[in-house]
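Everything below concerns the one structure shown next.
Chains as they are written, first to last, in my numbering: chain A, 1 to 117; chain B, 118 to 230.
Structure below.
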């Protein structure tokens, strides 16, 4: 079946502009995660959704970052007033959820490469 | 919070040799340890994972071992091939739906002919 998809694949924006990144999780996956990967670095957790709720937003770097999820499916990550340090690859992942024996595996999308000039 | 350290940062082996990548974690409540392979410009791909109720898991040429007492786990790749060349990331979480992954900083593996 279809995997996690993200759009756009690349985004170049000017400093100070707002951007929206989109994630389509695997159908039926109730858990959705956003991570950020800076050049040559590991992946840094940003936010987690269970359904449409976000019980863990602890990784969002500042109040310029926000995310929402609608219909238990598509999620958008919004960065307001972008800064150069926001340049990174933003990755989305999804997993099944429900109980102690499921929901472990996270499957990643291809990411959105954001460049702030 | 959880902290995951990964070594080495780069690893070069000859084709056919074995490769070992090691990670340590700090949170004793972590019970799920996946390994991801990321080729240049591609998404991370889950290659193997282990849960805390087992000490070792194998899948063809790949194996992962876990020592919960020492809080470390390792990825073993045998009979390496050029297509194994990639960046490998370890991660840890408390498992189950809703538990974020904390990643190591990655190991660039190069398999030379």
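Every residue, glycine too, gets a C-beta built ideally from N, C-alpha and C.
The model shown is predicted, which means the values in this text are computed figures rather than measured ones.
Inclusion of residue 9 of chain A and residue 111 of chain A in the CB contact set at 9 Å is warranted, their separation being smaller than that value.
Secondary structure note for residue 123 of chain B: its beta strand (DSSP E) is the uninterrupted segment 121-124.
Taking 9 Å as the cut-off, the Cβ atoms of residue 200 of chain B and residue 171 of chain B do not count as close.
In the same chain as residue 64 of chain A, and ignoring 5 residues on each side of it, the C-beta atoms closer than 7 Å to its own belong to 79, 80, 81, in chain order. With distances taken between CA atoms, residue 141 of chain B lies nearest to B/121 out of B/226, B/181, B/121, B/194. Against residue 91 of chain A, the close residues of chain B are 160, 161, in the order they occur along the chain (beta-carbon pairs closer than 8 Å). Identification of residues in the region 162-192 of chain B having a C-beta nearer than 8 Å to some C-beta of chain A yields 162, 163, 166, 168, given in sequence order.
For residue 97 of chain A, the closest alpha carbon among the candidates A/34, A/30, A/66 is that of A/30. Taking a contact to require three or more Cβ pairs closer than 8 Å, the region 122-129 of chain B and the region 174-181 of chain B do not qualify as touching.
Taking residue 149 of chain B as the centre and dropping the five residues before and after it, the same chain places the C-beta of 168, 210, 212 closer than 6 Å to its C-beta, in chain order. Taking a contact as a CB-CB distance under 8 Å, the pair residue 217 of chain B and residue 107 of chain A does not count as one, their CB atoms being some 15 Å apart. The Cβ atoms of residue 93 of chain A and residue 113 of chain A do not sit closer than 9 Å to each other.
Listed by position along chain B, the residues whose Cβ is nearer than 8 Å to that of residue 28 of chain A form an empty set, because the closest Cβ is around 12 Å away. Nearest to residue 24 of chain A by C-alpha distance, out of A/77, A/15, A/41, A/16, is A/77. Annotation: Cβ neighbours of residue 109 of chain A in chain B (cutoff 8 Å, chain order): 160. Counting of Cβ neighbours within 10 angstroms places residue 12 of chain A among the exposed residues, the total staying below 16.
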